[in-house]
Amino acid sequence: MLATMAPDEAGADRHLDHQSVRREAMERLRPRGGLILRTRRDGLRIRHSDDGELPSAGAHSPRCHAALLGAAGRGAHPAGAGPALRSRGPATGGRRGPSPRLRRVTSPPPSQPAAHVDRALCVLAHPDDVDFGSAGTVAAWTAAGTEVTYCVVTDGDAGGFDDTPREEMGPLRQAEQRAAAAAVGVTDVHFLGYPDGRLEPTLDLRRDISRVIRQVRPQRVLTSSPERFWERIGASHPDHLIVGESTLRAVYPDARNPFAFPELLADEGLDAWTVQEVWLGASPRADHAVDVTDLADRKFAALRAHVTQVGHRDDLEEFVGGWMRQTARGHGLPEGRMAEAFHVVYTA
Ligand SMILES: [Zn+2]
């Protein structure tokens, strides 16, 4: 038919078709009580008129909708340190009824990390990463009753400084990481078995991290920053950047979206889960320091468990303590204190 029309007529016809389809869509939506909002690109979105709840959005994200609705702006939390995240409630998402995560988009995010969480998950690239950057903080969490799980993406088989056979390095480093974890009160350690030094931001990696998030159901995730930390290049190993990026992609949107990696729900029964906050280590925009001076001995014990990595360093405590003192100074803590610092991102 179009072939018989002049080009402008064909264009007008398509335009009319587009408009009538849109009108029909609007009419279909009105009886359900929805408000119809218009984006700058003239797209259509619907918001229910009662409580800001959004209809199921398939693969689209609640945060996209929140931005669209102008409801996702930051605001100060009235409770100072923010609410404790203690409940082991039902998964936010899943097949039954409207998702609570969609209602939450109208609340401002907290301005400080939760004072306490029940469960935290640390996702790092190599055995020893969590200990260099965060073991003091982990020790503080476990001492306060938080259940902490480690997910180590590689076995660190490209690490080491001596002639340990390569095929032995992975198992050795797994054992070292388990011992280091125990030194700061962590017994649940997952290894994903990816090759050290060759990580890429693949869908497989996102799915595997999403799986652990759904298994552990943590309110808080700690991972490495996907942004390079220019002041200390060693902190930004490419694997660290990839794990940080992949973990953030798993936190949002994959783990919370029941339609992302549907096999996790269909085959493994893993309901969607929304992580409340993510702590990024070695970040160029760290905004939260944890004073770990009183836990430094436990951190050093964890680090010393990585014999294949630090066995040759007599100056380990001095070396790492120097970083931690510098971090404390940079965040305004008194001289001589030691700290670990993070960029905390609110992800609910
Ligand atoms: Zn590393």
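Its first residue numbered -18, the sequence shown is counted upward by one per residue in the numbering used here.
Yeah, the Cβ is synthetic: ideal placement off N, Cα and C, and Gly gets one too.
Nothing here was measured: the structure is a model prediction, and the numbers come from that model.
Original post:
Which first and last residues belong to the alpha helix (DSSP H) in which ASP189 is found?
Top reply: 184 to 197
**OP:** Count the other C-beta atoms from every protein chain shown that fall within 10 angstroms of the C-beta of THR308, then say buried if there are 16 or more, exposed otherwise.
**Re:** buried
Original post:
By the 10 Å Cβ neighbour count, where 16 or more other Cβ atoms means buried, how is TRP211 classified, buried or exposed?
Top reply: exposed
Original post:
Grouping DSSP H, G and I as helix and E and B as strand, with all else coil, what is GLY326?
Top reply: First, the amino acid is wrong: residue 326 is Val here, not Gly. In the structure shown, VAL326 sits in a strand (DSSP, three-state: E or B).
Subject >> Of the residues GLY302, ASP99 and THR328, the one placed nearest LEU261, counting alpha carbons only >> reply: THR328
**OP:** With hydrogens ignored, establish whether the beta-carbon of HIS221 is closer than 7 angstroms to any heavy atom of ligand 1.
**Re:** yes
Subject >> Nearest-angstrom Cα separation, counted from HIS97 out to ALA270 >> reply: 16 angstroms
Original post:
If you draw a straight line from the C-alpha of TYR175 to the C-alpha of GLN155, how long is it?
Top reply: 13 angstroms
Subject >> Cβ contact (3+ pairs, closer than 8 angstroms) linking the segment 239 to 250 and the segment 133 to 146 >> reply: no
Original post:
SER88: which of THR274, VAL288 and GLN257 sits nearest, CA to CA?
Top reply: GLN257
Original post:
Who are the near neighbours of GLY78 in its chain, counting only those whose CB is closer than 7 angstroms to its CB and skipping five residues on each side?
Top reply: Low confidence applies here, because GLY78 scores a pLDDT of 46, under 50, leaving its location unreliable; read the following figure in that light. Taken in chain order, the list of residues that qualify is empty.
**OP:** Could you say which of THR289, VAL165 and ASP268 lies nearest to ARG147 if we only look at CA atoms?
**Re:** THR289
Subject >> Proximity of ALA231 and SER191 at Cβ, strictly below 8 angstroms >> reply: yes
**OP:** Enumerate, from N- to C-terminal direction, the unbroken beta strand (DSSP E) stretches of 3 or more residues contained entirely within the segment 257 to 310.
**Re:** 258 to 262 and 269 to 272
Subject >> Closer than 7 angstroms: HIS287 CB and nearest ligand 1 heavy atom >> reply: no
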